[in-house]
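Participant: Once you've had a glance at the structure underneath, I'll fire off some questions.
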Ligand SMILES: Cc1cc2nc3c(=O)[nH]c(=O)nc-3n(C[C@H](O)[C@H](O)[C@H](O)COP(=O)(O)OP(=O)(O)OC[C@H]3O[C@@H](n4cnc5c(N)ncnc54)[C@H](O)[C@@H]3O)c2cc1C
Ligand SMILES: Cc1cc2nc3c(=O)[nH]c(=O)nc-3n(C[C@H](O)[C@H](O)[C@H](O)COP(=O)(O)OP(=O)(O)OC[C@H]3O[C@@H](n4cnc5c(N)ncnc54)[C@H](O)[C@@H]3O)c2cc1C
Ligand SMILES: Cc1cc2nc3c(=O)[nH]c(=O)nc-3n(C[C@H](O)[C@H](O)[C@H](O)COP(=O)(O)O)c2cc1C
Ligand SMILES: Cc1cc2nc3c(=O)[nH]c(=O)nc-3n(C[C@H](O)[C@H](O)[C@H](O)COP(=O)(O)O)c2cc1C
Ligand code: FES
Ligand code: FES
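Chains as they are written, first to last, in the working numbering: chain A, 8 to 297; chain B, 8 to 297; chain C, 157 to 405; chain D, 157 to 405.
Structure representation (structure tokens):
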């Protein structure tokens, strides 16, 4: 068994937030999904206090060795998540990590506090790639601001707090150090790289949301660089992700310092990619795979 | 003719610094290189005050839809450039832009001052992706610091100063605005994204220089996002680059606000890529191509 | 009806062309797909890379026909790098496939009109072969209209008049509905579906529209394929691709 | 001798296998390549993408033989995605090519020993056919040693003893040099070239070594292919690939 912040995991491969919807997938694949569940833990998509519609379509752009998404974090809001999704996830065969985002410490605090007394939720992932209303930058892009955010919300929950760092910053290691200093139990990275696409017909921006985030193999080596830098700076566990499509990619992130690895875009190309990658990882690194 | 900072260019396509060595290419391709010169202007590789050996090999890693380089800016230093390279480039059929880098305002100033009285050099590109000795961050990553750097070196030359921004920052538009406020005549972007590779045999980092920079199609949509943000923020001309491999890619950057476009990695795959892309751009946008 | 979990590799058991279209066939004993459902398809080799960097993601393709012996047929039109590559595949070539996905069509009331435009005829063929119903089909020209030969006595319209009615398939539809208002099942380009939706709302008839949207996953994971409905954005891949016209905005 | 500027597209005019190796042939009337020079090669189709993301860059491949009628032959060994793809190409398939690049070998003094290891035999064949000279060739096993049949009475060593001398080709070389010290031209794995370089320095003989290094461009643009020499790092593609052993560090 792998220990991640005191949580026991069957192997080192989980899903990346927003890249696998278990509730929809169970309708599509039925019982087989739980019988052959590909991930050692399940991370929810980002939940916000109030419901969000998400961005108008088109929301997708296919890039060289990757894709841009401009989904816009659609979700039915905290209340619906607690009343609707948690019960629907009752028989989930693996630990549940809930990913939340707020634009202020108060909002993030409210989300963390609301999840604190839900046994079903074993850890909380904080998506700090939310644009700061004042500066327009991600609230996670500034190390000091990130530390202050953690200091504010840390006391509100005994559950492990995993900070999903933003890669769109000058010094991701400093941000990770700020999160650690503020009391984070782990960090996860990388989120998508800010990216843009123009209509093939030259009529302007393609994505309904204007800009979006690049994911997939194209960002793999950037993820490896950021995970390496963060590992050299902090001592809390790291969830590595970004373009992982094989056991070798996962192994590289683990060698670079990640404790577990998350699969995002590759799940779209193969719903069972998580299981395949966990098996490949085990073949490649029997000693570290579990 | 295209006007770029008062320089007349035959078309909108130039080379990216460090991705084409005219002196070597002339030995390899002979007269045909100048007869069919692919670029509307020629940008030198980065020149530093003192000679640099560059990083130990391996210096290259092939990535998904791109490559990582860890060349380490080898060059024979300013003196050798002035005495050796400039004479060797005397018959260059297009304007010469010299790219320089220093780790302090004094160093950058010395480089700019030394080029000021060389008629052969029509513009100076400042590579500010140099790690700041104190912080370890690129000196160009901080808007205020970048503005101060420009204020310090701007008076030392009447030649157009093009600031080659670093993409490894939280807010590239703020950095561009800082450069503009400090007196830059243009900005160029994007430089390579910080990236990392591990040996296939699991023996640790692959690149002799430790980490490197990702270039090629993989970074194209990130380049488009950064150029779009910068164009929305500054009014000085923009040299757009990053993964350009076709006239359509070049056209997208121009639509996003670039005045001219630079070709880097694609030159490696096809030495004459610049000419091909300029021709494709003209077919696609006859109105803007020249 | 659920889909097998995960992506499978299978070989093309058949390929033929019909006018402007290519029909490919695979075996899929694992699933019993319904008319209106779709698969996510990718070639096992030469999927992107080289000069043409795309495709990267799999492509959604409707089930045209699913026989009881487990053979599934798809109708393809080359509109870009993904469909081009799928059209190139020859018998025996490997295909990566997941699905079947989506809600599919319900059994129609007797006499329901099946209205297809272009490549949109694919899901309607399955409906007609399973449950019957008159087919009204619109195409660019006679070359594309050869797709109509797959159907049981279809009525055809072509934009250029090179075959059948010179005009839009909606002309044929309006004539039919004027004579006898009834339910419509439709698939085709956005403009066609909008026209049918408007007509259905006007006439207060039941219209089931099979939509298309760019898709990354096909099973509800990415939220990339949404369409605006009365209840807000809905995922075409799991809440559709078949939507009641009245529910769309 | 300069190279035509830019990348050309050409079709394979021949392909055959010889033991563990594949030989491909193209026409290149534009250039008159020298032994020891190389081209940058990429397949026009299926170069990367899909499940296997690489290759992205072209691959450096030595000229094995260049006939006066403009046919250039390359010897390939499948060691990864790029060479695998090149080995797959069939007659008529399109190849993207630029070159010839590099300095190549100078005309050797009479009797110069030609020492090749594995795929490193390729550039030496051109030398022998053009200027003659005794060939000492080392291989993993008899299967690879079939490459030796390309040469005029070669002396062969195999690591496993399945053909010729059981041991390293350097054993044969040292015996020759003990008998009669003279110049050596060599190409092969790093360990072989280091051993030859050391021996040459010890004996004070002239040794020209054709090196390999990972390359992005092949024409001096990227500075990615450097090797350490007495004057610091040098680019293998433009300052080499042939270096005097004494100049290497
Ligand atoms: C449920 C469903 C069923 C379908 N059934 C069929 C079928 O039976 N037969 C069939 O042939 N097709 C079918 N399609 C349509 C097909 O999946 C799409 O047309 C697909 O995008 C084709 O891929 P392509 O690479 O060939 O073309 P693309 O290049 O994807 O071109 C399609 C459109 O995508 C846009 N586009 C261009 N470049 C990009 C980019 N880089 N990123 C994102 N978008 C871009 C353009 O608007 C272009 O017109 C179906 C689609 C859905 C959703
Ligand atoms: C001047 C010259 C002449 C040559 N002549 C010939 C010839 O005649 N015939 C021939 O067969 N070969 C020749 N080569 C060698 C050939 O070009 C290289 O072996 C080339 O790298 C093979 O590419 P590949 O994709 O097949 O293998 P690769 O995957 O490139 O494997 C080769 C080595 O590259 C490293 N590697 C693995 N992954 C990566 C990565 N992602 N990025 C960077 N490096 C990686 C590993 O160490 C591996 O052993 C020559 C090379 C040079 C420089
Ligand atoms: C379609 C899509 C939706 C995503 N939604 C979220 C999200 O809701 N919350 C979040 O923290 N990250 C989200 N991400 C980012 C991923 O969790 C992951 O960090 C990123 O995609 C890099 O991993 P990959 O290259 O394996 O996809 C999303 C990514 C994609 C592609
Ligand atoms: C091998 C290599 C060397 C480079 N050297 C320099 C350099 O000396 N100075 C510089 O400012 N940028 C340098 N760059 C960055 C390029 O100028 C360019 O910004 C980057 O590669 C993105 O463009 P591309 O994707 O078209 O290659 C180099 C890039 C590569 C790949
Ligand atoms: S295609 Fe991914 S949610 Fe519909
Ligand atoms: S391969 Fe680019 S400089 Fe030698």
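Even glycine gets a Cβ: it sits at the ideal position worked out from N, Cα and C.
This structure is a prediction, so every number in the text was calculated from the model and none was measured.
(1) What residues from chain B crowd round residue 376 of chain D, counting only those whose CB sits closer than 7 Å?
(2) Taking Cβ positions only, does residue 159 of chain D come closer than 8 Å to chain B?
(3) Tell me which residues share the same chain as residue 216 of chain C and place their Cβ nearer than 7 Å to its Cβ, disregarding the 5 neighbours each side in the sequence.
(4) What do you get for residue 113 of chain B, buried or exposed, if any count of 16 or more other CB atoms within 10 angstroms of its CB means buried?
(5) Tell me, please, which residues DSSP counts as bridged to residue 364 of chain D.
(6) Which residues share a DSSP beta bridge with residue 57 of chain A?
(7) Alpha carbon to alpha carbon, what distance is there between residue 326 of chain D and residue 369 of chain D?
(8) Please indicate yes or no: does the CB of residue 377 of chain C lie closer than 7 Å to some heavy atom of ligand 5?
(9) Return yes when the C-beta of residue 380 of chain C is under 7 Å from any heavy atom of ligand 5, and no when it is not.
(10) Is it a yes or a no for the region 91–100 of chain B touching the region 375–395 of chain D, going by three-plus beta-carbon pairs under 8 Å?
(11) For my contact list, residue 242 of chain C and residue 199 of chain C are in at a C-beta cut-off of 8 Å; report their separation, rounded to the angstrom.
(12) Measuring alpha carbon to alpha carbon, tell me which of A:117, A:78, A:263 ends up nearest residue 232 of chain A.
(13) Using the C-alpha atoms, what's the distance from residue 9 of chain A back to residue 17 of chain A?
(14) Would you decide whether residue 310 of chain C is buried or exposed? Buried here means 16 or more other CB atoms lie within 10 Å of its CB.
(15) Can you list the residues of chain A that residue 209 of chain B reaches, using a CB-CB cut of under 8 Å?
(16) With a threshold of 7 Å (Cβ to nearest heavy atom), would residue 392 of chain D be considered close to ligand 6?
(17) Let's test the definition: count the other Cβ atoms within 10 Å of the Cβ of residue 154 of chain B and tell me whether it reaches 16, buried, or not, exposed.
(18) Need the endpoints of the beta strand (DSSP E) that residue 68 of chain A sits in, please.
(19) Under a Cβ-count criterion, where at least 16 other Cβ atoms within 10 Å of its own Cβ denotes burial, should residue 66 of chain B be classed as buried or exposed?
(20) Assuming residue 44 of chain B contacts residue 20 of chain B (C-beta within less than 8 Å), just tell me the rounded distance between them.
(21) Is any heavy atom of ligand 3 found at a distance shorter than 7 Å from the C-beta of residue 80 of chain A?
(22) Using DSSP's beta-bridge definition, name the partner residues of residue 138 of chain A.
(23) Along chain C, which residues have their Cβ under 8 Å away from the Cβ of residue 274 of chain A?
(24) Once the 5 residues before and after residue 299 of chain A are set aside, which same chain residues still bring their CB inside 6 Å of it?
(25) Just the C-alpha distance for residue 343 of chain D and residue 219 of chain B, rounded to the nearest angstrom, thanks.
(26) Could you name the residues of chain B that residue 178 of chain A contacts, counting a contact when the two beta carbons are closer than 7 Å?
(27) Quick one: any contact between the region 339–356 of chain C and the region 238–255 of chain A, if contact means 3 or more CB pairs under 8 Å?
(28) Select from B:266, B:111, B:132, B:77 the residue whose C-alpha is nearest the C-alpha of residue 215 of chain B.
(29) Between residue 135 of chain A and residue 143 of chain A, how many whole angstroms is the CB-CB distance? I'm expecting something under 8 Å.
(30) Report back the beta-carbon spacing between residue 357 of chain C and residue 401 of chain C to the nearest angstrom; my notes put them in contact at under 8 Å.
(31) Taking only heavy atoms of ligand 6 into account, decide whether any of them is closer than 7 Å to the Cβ of residue 74 of chain B.
(32) What are the partner residues of residue 321 of chain C, as DSSP defines its beta bridges?
(33) Tell me whether residue 68 of chain A, by its Cβ, gets closer than 7 Å to a heavy atom of ligand 7.
(34) So with Cβ pairs under 8 Å, would you call residue 211 of chain C a contact of chain A?
(35) Taking 7 Å as the cut-off, is the CB of residue 52 of chain A close to at least one heavy atom of ligand 3?
(36) Beta strand (DSSP E) containing residue 385 of chain D: first to last residue?
Facilitator: With the given structure in hand:
(1) For the C-beta of residue 376 of chain D, the chain B residues within less than 7 Å are, from N- to C-terminus, 28, 31, 32, 35.
(2) Residue 159 of chain D counts as touching chain B.
(3) Taken in chain order, the residues that qualify are 194, 196, 371, 374.
(4) Burial is judged here by how many other beta carbons sit within 10 angstroms of a residue's own beta carbon; residue 113 of chain B has fewer than 16 and is exposed.
(5) Paired residues: D:341, D:400.
(6) In DSSP, residue 57 of chain A forms no bridge with anything.
(7) Cα to Cα, the separation comes out at about 22 Å.
(8) Result yes, Cβ under 7 Å from ligand 5.
(9) Distances from the CB of residue 380 of chain C to the heavy atoms of ligand 5 include at least one below 7 Å.
(10) No, the region 91–100 of chain B is not in contact with the region 375–395 of chain D.
(11) About 6 Å; that satisfies the 8 Å criterion.
(12) From the listed residues A:117, A:78, A:263, the smallest Cα separation to residue 232 of chain A is found for A:263.
(13) One C-alpha to the other measures close to 6 Å.
(14) Under this definition residue 310 of chain C is a buried residue.
(15) The answer, in chain order, is 258, 262.
(16) Yes, the beta carbon of residue 392 of chain D sits closer than 7 Å to at least one heavy atom of ligand 6.
(17) With 16 or more other Cβ atoms within 10 Å, it is buried.
(18) Counting along the chain, the unbroken beta strand (DSSP E) around residue 68 of chain A starts and ends at 67–70.
(19) Burial of residue 66 of chain B is indicated by the presence of at least 16 other C-beta atoms within 10 angstroms of its C-beta.
(20) Not really, about 11 Å apart at Cβ, beyond 8 Å.
(21) Yes, ligand 3 has a heavy atom inside 7 Å of this Cβ.
(22) Answer by DSSP bridge pairing, in chain order: A:145.
(23) The contact set of residue 274 of chain A on chain C, defined by CB atoms closer than 8 Å, consists of 373, 377 in chain order.
(24) Since the first residue shown for chain A is 8 and the last is 297, residue 299 of chain A is missing from the structure and cannot be characterised.
(25) Answer to the nearest angstrom: the Cα atoms are 30 Å apart.
(26) Here the neighbours are 144.
(27) Contact between the region 339–356 of chain C and the region 238–255 of chain A is absent, because fewer than three Cβ pairs lie under 8 Å.
(28) Cα-wise, what sits closest to residue 215 of chain B is B:77.
(29) That pair is no contact at about 15 Å.
(30) That belief holds up - the Cβ atoms of residue 357 of chain C and residue 401 of chain C are roughly 7 Å apart, short of 8 Å.
(31) No, the Cβ of residue 74 of chain B stays beyond 7 Å of every heavy atom of ligand 6.
(32) For residue 321 of chain C, which the question treats as bridged, DSSP gives the partners C:313.
(33) Absence of ligand 7 is noted for the structure shown, with ligand 1, ligand 2, ligand 3, ligand 4, ligand 5 and ligand 6 being the only ligands found.
(34) Judged by the 8 Å Cβ criterion, residue 211 of chain C is in contact with chain A.
(35) At least one heavy atom of ligand 3 is nearer than 7 Å to the Cβ of residue 52 of chain A, so yes.
(36) Taken as a continuous stretch (DSSP letters only), the beta strand (DSSP E) holding residue 385 of chain D covers 382–385.
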